[in-house]
Structure formats: structure tokens, C-alpha cells
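Q:
Number of protein chains: 2
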Amino acid sequence: MAVQGTRRPTLAGVAERAGVSLKTASRVLNGEPNVAEATRERVREAATALGFRRNAVAADLARGGASRLLGFISGDIANPFYSALASGIERVARDNDLQLITTSCDEDPERERLLTEELLERRVGGLVVTPTTGDHARLAGELAAGTPVVFVDRPASGLEADTVVIDNRGGIRAAVRHLSYHGHRKIAFVGDNPEVWTFRERRAAFLDVMDELGNRDAQRWVRSGAHDAREARSLVAGLLDGPEPPTAVLAENNRVTAGALRALADVAGGERIALVGFDDFDLADLLGVTVVSYDAVEMGRRAAELATSRYDPATPPRTVTLETRLIPRGTGERRL
Amino acid sequence: MAVQGTRRPTLAGVAERAGVSLKTASRVLNGEPNVAEATRERVREAATALGFRRNAVAADLARGGASRLLGFISGDIANPFYSALASGIERVARDNDLQLITTSCDEDPERERLLTEELLERRVGGLVVTPTTGDHARLAGELAAGTPVVFVDRPASGLEADTVVIDNRGGIRAAVRHLSYHGHRKIAFVGDNPEVWTFRERRAAFLDVMDELGNRDAQRWVRSGAHDAREARSLVAGLLDGPEPPTAVLAENNRVTAGALRALADVAGGERIALVGFDDFDLADLLGVTVVSYDAVEMGRRAAELATSRYDPATPPRTVTLETRLIPRGTGERRL
DNA sequence: TTGTATGCGTTATCAA
DNA sequence: TTGATAACGCATACAA
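In order, the protein sequences belong to chains S and C. Take the first sequence: its position 115, counting from 1, is numbered 115 in the UniProt record's numbering, and each next residue is one higher. Take the second sequence: its position 290, counting from 1, is numbered 290 in the UniProt record's numbering, and each next residue is one higher.
(1) Go ahead and label C/Arg220 buried or exposed: buried means 16 or more other beta carbons lie within 10 angstroms of its beta carbon, across all protein chains shown.
(2) Could you tell me which chain C residues have their CB closer than 7 angstroms to the CB of S/Asp135, listed as they occur along the chain?
(3) Would you kindly work out how many angstroms separate the C-alpha atoms of C/Val152 and S/Gly238, rounded to a whole number?
(4) Whose CA, out of S/Leu69, S/Glu118, S/Ile327, S/Glu16, lies closest to the CA of S/His178?
(5) Comparing the C-beta of C/Glu212 with each C-beta of chain S, is any distance below 7 angstroms?
(6) Could you give the first and the last residue of the continuous beta strand (DSSP E) run that contains C/Ile187?
(7) In chain order, what residues of the stretch 59-75 of chain S put their CB closer than 7 angstroms to some CB of chain C?
(8) Residues in its own chain within less than 6 angstroms of S/Ala25 by CB, not counting five upstream and five downstream?
(9) Which whole-angstrom value is the C-beta distance of C/Ser104 and C/Asp135, which I expect to be below 8 angstroms?
(10) Who are the near neighbours of C/Asn96 in its chain, counting only those whose CB is closer than 7 angstroms to its CB and skipping five residues on each side?
(11) Could you work out which residue in S/Asn79, S/Leu159, S/Arg111, S/Ala84 is closest to S/Ala140 when comparing CA atoms only?
(12) Within 10 angstroms of its Cβ, does S/Asn30 collect 16 or more other Cβ (buried), or is it exposed?
(13) By DSSP, does C/Arg318 sit in helix, in strand, or in coil?
(14) Specify the secondary structure class of S/Asn224 as computed by DSSP and reduced to three states.
(15) In the structure shown, what three-state DSSP assignment does C/Arg329 receive?
(16) Between C/Gln219 and chain S, is any beta-carbon pair separated by less than 7 angstroms?
(17) Can you find the residues in the same chain that come closer than 7 angstroms, C-beta to C-beta, to S/Arg202, ignoring five residues on each side of it along the sequence?
(18) Any heavy atom of the ligand ZN inside 6 angstroms of the beta-carbon of S/Thr319?
(19) How is C/Asp135 classed by DSSP in three states: helix, strand or coil?
(20) Which chain C residues sit within Cβ distance under 9 angstroms of S/Pro80?
(21) Given a cut-off of 7 angstroms, decide if C/Val209 and C/Leu176 are closer than it, judged by their beta-carbon atoms.
(22) Can you pull the chain C residues whose beta carbon is under 8 angstroms from the beta carbon of S/Glu90, in chain order?
(23) Quick check on this structure: which residue in S/Ile166, S/Val35, S/Val129 has the alpha carbon closest to the alpha carbon of S/Ile89?
(24) Looking at C/Val249: is its Cβ nearer than 7 angstroms to the Cβ of C/Ala260?
(25) Is there contact here, the stretch 64-75 of chain S with the stretch 118-127 of chain S, by at least three beta-carbon pairs under 8 angstroms?
(26) Of the residues C/Arg68, C/Ala58, C/Ala62, which one's Cα is nearest the Cα of S/Ala66?
(27) Is there a Cβ from chain C that is less than 7 angstroms from the Cβ of S/Ala56?
(28) Under 7 angstroms between the Cβ atoms of C/Thr247 and C/His182?
(29) How big is the Cα-Cα spacing for C/Glu112 and C/Pro131?
(30) Short of 8 angstroms Cβ to Cβ, which residues in the stretch 114-130 of chain S face chain C?
(31) Going by other Cβ atoms of all chains shown within 10 Å of its Cβ, with 16 needed for buried, is C/Ala226 buried or exposed?
(32) Quick one: which residues of the stretch 257-274 of chain S get their C-beta closer than 8 angstroms to a C-beta of chain C? List them in chain order.
(33) Counting only C-beta atoms, is C/Ser293 closer than 7 angstroms to chain S at any point?
(34) Report yes if the CB atom of S/Ala218 is closer than 7 angstroms to the CB atom of S/Val256, and no otherwise.
(35) Considering C/Glu147, what are the terminal residues of the alpha helix (DSSP H) in which it resides?
(36) Helix, strand or coil for C/Ser83, going by three-state DSSP, please let me know.
This is the structure in C-alpha cells:
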């Protein structure tokens, strides 16, 4: 048992106690072959007696190259979406004997840059990033140096790199068609900030499908700027209170869905207004909300697989697109 | 720009290019004083020209002692409770210039042990653990060696160490009294497995308060074994379907609450049965569920503060108990 | 203000 | 089957 003040036992200490050289002790403790069984036993005993625990920091340095660490830069780890990503990444990390460093950049480009730098200083063997709107060209050198940098949920700007996204357009298409099939024409699209890539993708798809369905002026049904549930609530409230209230609301993400639900609960007859949300959420079944669902854990897993697979920087970047799935609950209208 | 195959630029390289010694380059790049401004400038230029990025692995090894890493062993990072903890820990880590390694042990003692070992090999400067039921006496030596190990949400067994918990008993007391105040006598307590410390605490409090209120036989209202929402649903369904259905259900955690909600939705008149849940959750307001709430992010923060504050292993372990808060929504009965 | 020398605890090379 | 010795890249007494 180590005691405070006392140094921790080292491999050299184990070797000395076992009466062998450093290299032999190393061989034994790393399970390498070509060591006599008797020697092996003596080293093991010495290690246990001293309470030896290998120093992974020293090992990483000696080995050279990357450390056995993987980096993940999320927007906010407390957000269920990001923690689902983290969960998928973690599993792949585990399978590859890597430890995962998680960080949150609060959607702040400058903070993302700082975190990237810190993780690269740690010589991570791979980096998974949910990119903010900033430019990522600065990472070109690192990519060329062989560090796999993978972007997830949205692509980086100014850089060609491996990317994992979902089929946003397909998801929106399914949602709008679902509502249309159930007779809705006045469909409002409520979302986050237009700076966000996913918002733009989803809005574009919304306009496309509405156009295909004969609604050439869908732009007037679009509302943006709802970054949290509270803002979404007032945005939807405004729609319902306006001159031409929609009969259906398409919420661009789960925060908007939550806000929309509250707005609908606030007005008389709100339960007769249909609601479809992008992103599934807990208890959506109870609230009878039809959603566009996808597997965020799988998304993390795929990203981590790209980030851990050794690759040739010369090969063109890969893009993985995951499918979405419409989960109809009722007829698009909520049944409370 | 580094190119693949090429080694990464080192401090020595920067020093050489700037025509100074290693130590001087180190001084400049670490912002230490006592360097001529001209020298400083030359070193900076050399660093930029070479695309130098310090190697944190080497720095940690050279500095000796612990690495600038913090470890967190959660049950499952995809679980909102654990990711809230992670969020709090992450903020403290950031403030202390530490990087956070997050792991999930899936509530498996053996896996927790393995993860602990791996993190200690990484020489983490602190370790936050949500302990499983296994014994933790093996960590005594590490504690004595000066690594702050902090347990959060429940105490470790077989080891005296810093711990952060919430006031489970107070929370249950408030919940039962709330229901009692609103006229309920037949209150069922539905929870997870009795192996889980928090369950035992909460059940004990439930029985105490029921006893105080004159219900001496509350044991028959206790149901356990609901580890997920599905199991909770059938457990509650069984209660409602039994010979003497309760008029109120106290759910021991948010998974049970979700299951109970579904069970109540399944039966006629279910909306007249009161429900109070331990743990607040998203959209609880919409569903009209009264809850016992507490701040999981704060819990993580407090744990991380204990794990980062240098302390004397000789001082007795500290226990931080965080308050809970009853959030009444309606009269304890749901208003849908 | 600047530099020299040594150590951190491993892994890896190459020889014995 | 084993071992001596040199990296790995930086920090830090101590000197100049």
C-alpha cells in the first residue's frame, strides 16, 4: 500500500525486487511472450507486494505517437442528444481500449477552438466534434498529420473531413407528408436559429416538400429563432394568436416541441392542432406526439468508428448518413 | 504545418530555431517572467512557424504527481441524471484547468473496479464515482496516497471517503406529507431494487413517515424491483388491479414515474389517482406531476470541488448533503 | 536574463 | 530467455 509522501511504486522498483531487469518486468506485466514461468511468477509477486500500478502517462509518452485517449467536443453534455452521442462514442472507445475525454463548448466557436487545442495537446488518438458555425480550416494540418477528426450531426465548414449526419431532408419530408396525408395544409415550421446547419437543412426540405404539395408560399409559415423551449412557446403562441393560425405545427427539434406543447396547452382548442416533432423524446407516447426519430447513440458510435479507424489522409473524406424514422402517434394530431 | 510521417515539432525544435535554450523556450511558452522581450518574440515566432503545440502527456510526466485529468465513473452517461452530474463536474474541471474522462460502469461492480483501475493508471488528479454495491475498501491505499476519491449520490461501502448525497429522507417526507395533506391514506411506494442504497433510504423514510401519520402497516404498500419504466408500469398496473388499489402512488425515481404514468393512463379513472415522483423531469409540468426535485448539476459540482481541493488524507472525510424541494403541481393529483 | 543537466516511468532497440 | 541503454518531450533545480 502506498503511503502519502512516498512515491508510487515503479516498474524499476518491481524489477529490482524481483531481481530482474526493467525490460523483463515490462515483458511480464504486459503479457509479452518469451519469459520463463518462474521469472514471470517472481515479477508478478513483486508487483502485487509493492501494489504496483502502471503509469499510463509514461507509457503513452514512451510509445510515442498518439495517447490512448479519444476526445469529444459536444455542445453541452447535459443535453440528452449530446449525452446519447457520448454514450455511443464511449462504447467504441471501450472496444478500442481508449479513454474518452468529454467537453462542452456551449456552441461557442471560440471555446470550441480552445477545447480542440487542449485535446490535441493531449495527443488524442481521435477527435469527434459537433462543430459550431466557425471555420475549421485550421484543422487541415492536424488531419494531414494523421489525427482522425470526425464531425457529427453537422459538417464542418472550410474543411473536408469525415462526417456523420442524419437524413434531415428525408425526416422532414416524411413529417410533412404525414401531416398532408391527414389533411393539413396550413403547416407551420418552427425552429432554432438559421445559423445552425441542421435548421437550414430542415427548413429547405420543408419548403421543398410544401412546394411539391402545391403550397408555393410556405415561406410565410416558417418561424425561426427559438433556441430554447421558452422562446418556442411564445413563437407558437404568436402563430396561434395570429390572423391565420396553422392547423399543424412542425417543430424542428425537441426543445421547440416542448415549447409548442406548452403553447398548445395554453389556448382553447389547442388539442385539436396537430404537432409533429423532430427528435423523439421521453414520454412522447403519453403526450401523443408524432415524431421523426433517429438513433443518436448509433450516430456517436459511427463517428467514433471513423475516429478510431486508422486511415490514409490521402483518401477522400467519408460521409455517413443515418436514416430517420417517422413514429406516428395518432393521426398526427395529439390525443391527450 | 506538420505532415504525416513527419514528427511533430517539439520544444527543442522551437528552441533551436529561435536560437535559445530549451529552458528559455519553455519559459516563453509557459508565460514565465524574466525573459527579454526580444527573445520572447523570437521564440513565439519560431513556435508559430513550426506549428508547435505542447505535449500535455510529456508535461504531465515531467511535472510528476498527478496528471491534469479528472475521472468520473457514472452508471450510464446516456442517463440524464448522470449526464447532469457530468455537466457539473465538467465545469469545475474547466475552472481548475483539468480535462474530464467520463466512463460508464453499467452499475456493474466488476466493471466499476476495472474503470477505477484504468483511471488510476492514468494518474488522474481526482476521481468522482457513483458507486455500485460492491466493496470499496481496496481504494483506501489510493486515498492515503493522496488521490481525492469522492462518492456521489450514494456512499461507498467499506470505505470512509468524501461523499455527496441528497437529503433522500427529507424529500420523501415532504412527498408523503403532501399527499397526506391532500387526504390520501392509501399511498403506494414503488421503487427500484432494494440493493440500491437510495431505494433503501427512501423506503425507510416512507415507512417512518407513514408510521408517524398513523399508518403502522405501510410495508404492504411497498413495491420494489422496478428497474426500468416497463417493470414499473406492470408493478403499478398490478397495484391498481389488486384488491385494494391505492389512491396515490409515490414513485421512487423518474423511470418509475414514467412507468406509473403509463399504467395510470391505461386504466379507467387513472387520472384521479395522485402521483408524486422523486426526480423532476422534462415536461412534468405538462403532465401535472408533483415531484421531489434537486439539483443534479450542483451535486456534480460539489463532488468535483471535493475531488479537486487538495486535502490532508488525515482529516476525516466530509459528507455534503444537498436539499430537495417539493414542486407541487396541482394538489398532488394530476390535472391532464 | 539565460542555460545545463537531470529526472519523470515507461517502451523499444539491439545485443548477449 | 534476459538485459543494458537509449529514447519519448517536457519541467525544474541549480548555475552562470
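All C-beta atoms, glycine included, are put in the ideal place defined by N, C-alpha and C. A quick note: this is a predicted structure, and the numbers were derived from the prediction, not measured.
A: Considering the structure as presented:
(1) exposed
(2) Simply none; closest approach about 16 angstroms.
(3) 44 angstroms
(4) S/Ile327
(5) no
(6) 187-190
(7) Asp60, Leu61, Ser67
(8) Leu11, Val14, Ala15, Val43
(9) Rounded, the Cβ-Cβ distance is 20 angstroms, inconsistent with contact.
(10) Thr308
(11) S/Leu159
(12) exposed
(13) coil
(14) Correcting the residue type first, residue 224 of chain S is Ser in the shown sequence and not Asn. Correct three-state label for S/Ser224: coil.
(15) coil
(16) no
(17) Asn168, Ile172, Gly191, Glu252, Phe278
(18) Although the ligand ZN was asked about, the structure shown includes no ligands whatsoever.
(19) strand
(20) Ala78, Pro80, Ser83, Asp282
(21) A quick correction: the sequence has Val, not Leu, at residue 176 of chain C. In contact: C/Val176 and C/Val209 (Cβ atoms closer than 7 angstroms).
(22) Ile77, Thr102, Thr103, Ser104
(23) S/Val129
(24) yes
(25) yes
(26) C/Ala58
(27) yes
(28) no
(29) 8 angstroms
(30) Glu117, Glu118, Leu119, Leu120, Glu121, Arg122, Arg123
(31) buried
(32) Ala258, Leu261, Arg262, Ala265
(33) no
(34) no
(35) Note on identity: in this sequence residue 147 of chain C is Thr, with Glu being the wrong assignment. Where C/Thr147 is concerned, there is no enclosing alpha helix (DSSP H), given that its DSSP letter is neither H nor E.
(36) helix
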